[in-house]
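Those protein sequences? They're chains R and L, same order as listed. Residue numbering for the first sequence follows the numbering used here, starting at 1 and increasing by one per position. Residue numbering for the second sequence follows the numbering used here, starting at 1001 and increasing by one per position. Ideal Cβ positions, reconstructed from N, Cα and C, are used throughout, including at glycine. These numbers come from a predicted model, not from an experiment. Since the structure comes first, as structure tokens, the remarks are kept for the end.
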Amino acid sequence: MTKYLGIVVAGMLFGVGLAVSEMTHASKVLGFLDVAGNWDPSLMFVLGGAVGVAIVAFRFILKRSAPLLEDRFDLPTVKSIDAPLLVGAGIFGVGWGISGYCPGPGVALLAAPDWETWVFIPALLLGAWLQKASTASDDDGVAMLPQPESDQG
Amino acid sequence: MDTFTPISALAGGVLIGAAASLLLWLNGRIAGISSIAGGLVTGRRGDIPWRLAFLAALVVGAALYYGLFGNTPVARPHFPGWLLAVGGLLVGFGTSLSGGCTSGHGVCGLARLSARSLVATLVFLVTGIATTFIVRHVFGVY
């Protein structure tokens, strides 16, 4: 399965980038969000560097008819700026501002786990599951079956 | 600003951007970690292996860096566990509802010039800054 070559190389590079930029350090991230404290603008440089590279690379990549190792591009199709987007992003920001972790760094904590890792990651997965379960029960009247936390990776 | 680290921040950001570009170029996928991880608990069965492979590789990449250079994250000794759990729940719920996080909306969405992602990024930055202010300066929790 050659497709895994791309997935593994990209995943590793992503993990190195998170470690280099110290986005796995909650106090570093909160140092950026805490504009009233001892403000640390580093996160702006992380986002700037990442977007700067991707904005150029994506232009060329998306001119291709297909990616190199798989049949087609799997891109988000939703374009609307609606209530779920605004409310969801707002809720995410509150959780981010509380914890200092967004999902990528949260997962990367497993590289050097401490008690925060074992609290944050199950809570993150449970939150995502609760959201999907509530949507599923709204849409088709069938709630998703609960799954034990240990089955969720 | 004694904690400001522009060089490592920019270098790490460039690596993250390169990783997102590689995943799009090679596999045609968006490197949005909340969507990749969220799909583990809610996605189709056939999707699980590549999601796990990507997340495992991400952990290995970070572990390699820590093994070589140290600078591992250190748990905050006085941060309440229940508050961290609440934070994690809200991050999981919110990113699932809005369909992206700092990487999906923030990095990949902005790179795709998506208005939707720009709005999401501005919203989570504003609520994040407001929340951190309240947690640190109103309640004094660090």
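Rounded to whole angstroms, what's the CA-CA distance from residue i to residue j? Just pull it up for me.
| i | j | result |
| --- | --- | --- |
| glycine 1038 of chain L | proline 1049 of chain L | 13 Å |
| leucine 1040 of chain L | serine 1034 of chain L | 10 Å |
| alanine 1062 of chain L | glutamate 22 of chain R | 10 Å |
| valine 1107 of chain L | valine 51 of chain R | 5 Å |
| glycine 11 of chain R | threonine 1102 of chain L | 16 Å |
| glycine 95 of chain R | proline 122 of chain R | 14 Å |
| aspartate 71 of chain R | histidine 1105 of chain L | 24 Å |
| alanine 1130 of chain L | serine 27 of chain R | 16 Å |
| leucine 13 of chain R | serine 134 of chain R | 34 Å |
| glycine 1017 of chain L | glycine 49 of chain R | 7 Å |
| valine 16 of chain R | leucine 1064 of chain L | 8 Å |
| glycine 31 of chain R | glycine 88 of chain R | 23 Å |
| leucine 43 of chain R | phenylalanine 73 of chain R | 29 Å |
| threonine 1095 of chain L | aspartate 1047 of chain L | 19 Å |
| alanine 136 of chain R | glycine 1099 of chain L | 15 Å |
| proline 67 of chain R | histidine 25 of chain R | 34 Å |
| isoleucine 1036 of chain L | asparagine 1071 of chain L | 26 Å |
| alanine 1011 of chain L | valine 20 of chain R | 7 Å |
| valine 107 of chain R | serine 65 of chain R | 32 Å |
| valine 46 of chain R | arginine 1045 of chain L | 34 Å |
| leucine 1022 of chain L | glycine 6 of chain R | 7 Å |
| glycine 172 of chain R | alanine 1111 of chain L | What is shown of chain R runs 1 to 153, which leaves residue 172 of chain R out entirely. |
| valine 1074 of chain L | threonine 1042 of chain L | 31 Å |
| arginine 1120 of chain L | glycine 90 of chain R | Before going further, note that residue 1120 of chain L is alanine rather than arginine in the sequence given. Cα to Cα, the separation comes out at about 8 Å. |
| phenylalanine 1133 of chain L | valine 8 of chain R | 38 Å |
| leucine 109 of chain R | phenylalanine 120 of chain R | 9 Å |
Would you say residue i lies against chain L (beta-carbon separation less than 8 Å)?
| i | result |
| --- | --- |
| leucine 145 of chain R | Interpretation of leucine 145 of chain R is limited by its pLDDT of 42, a score under 50 that renders its predicted location unreliable; no figure is taken from the coordinates. |
| serine 65 of chain R | no |
| threonine 24 of chain R | yes |
| glutamine 152 of chain R | Confidence at glutamine 152 of chain R is low in this model, with a pLDDT of 30, below 50, so its placement is unreliable and no value can be given for it. |
| alanine 19 of chain R | yes |
Would residue i count as contacting chain R if we go by Cβ distances under 8 Å?
| i | result |
| --- | --- |
| phenylalanine 1139 of chain L | no |
| leucine 1088 of chain L | With the sequence shown as reference, residue 1088 of chain L is identified as glycine, and leucine is not the correct amino acid for it. Yes, glycine 1088 of chain L counts as interfacial toward chain R. |
| arginine 1045 of chain L | no |
Name the residue from the options whose alpha carbon lies nearest to the alpha carbon of residue i.
| i | options | result |
| --- | --- | --- |
| glycine 93 of chain R | L:Gly1128, L:Gly1043, L:Gly1012 and L:Arg1045 | L:Gly1128 |
| leucine 1089 of chain L | R:Leu109, R:Phe45, R:Leu86 and R:Pro103 | R:Pro103 |
| proline 113 of chain R | L:Gly1043, L:Thr1005, L:Leu1026 and L:Tyr1066 | L:Tyr1066 |
| phenylalanine 58 of chain R | L:Trp1025, L:Ala1075 and L:Thr1042 | L:Trp1025 |
| lysine 132 of chain R | L:Val1119, L:Pro1077 and L:Leu1097 | L:Leu1097 |
| arginine 1116 of chain L | R:Tyr101, R:Val53 and R:Leu85 | R:Leu85 |
| serine 1114 of chain L | R:Leu5, R:Thr117, R:Thr77 and R:Ser99 | R:Thr77 |
| arginine 1076 of chain L | R:Asp40, R:Ile98, R:Tyr4 and R:Val56 | R:Ile98 |
| proline 1006 of chain L | R:Gly90, R:Val8 and R:Pro41 | R:Pro41 |
| phenylalanine 1079 of chain L | L:Val1141, L:Leu1015, L:Thr1132 and L:Ala1120 | L:Val1141 |
(message) Any contact between the region 1050 to 1066 of chain L and the region 114 to 132 of chain R? By contact I mean 3 or more CB pairs, one from each, below 8 Å.
(response) no
(request) Counting only runs of 4+ residues fully inside the region 1028 to 1113 of chain L, write out the alpha helix (DSSP H) ranges in chain order. (result) 1033 to 1042, 1048 to 1069 and 1081 to 1098
(message) For the structure I just gave you, are there three or more beta carbon pairs, one from the region 80 to 87 of chain R and one from the region 1078 to 1091 of chain L, closer than 8 Å?
(response) no
(message) For the region 1021 to 1034 of chain L against the region 1123 to 1141 of chain L, do three or more pairs of beta-carbon atoms, one drawn from each stretch, fall closer than 8 Å, so that the two count as touching?
(response) no
(message) Threshold first: 4 residues or longer. Then list the alpha helix (DSSP H) segments lying entirely within the region 17 to 73 of chain R, N to C.
(response) 26 to 33 and 42 to 61
(message) Which runs of the alpha helix (DSSP H) at least 4 residues long sit entirely within the region 81 to 107 of chain R? Give them in chain order.
(response) 83 to 99
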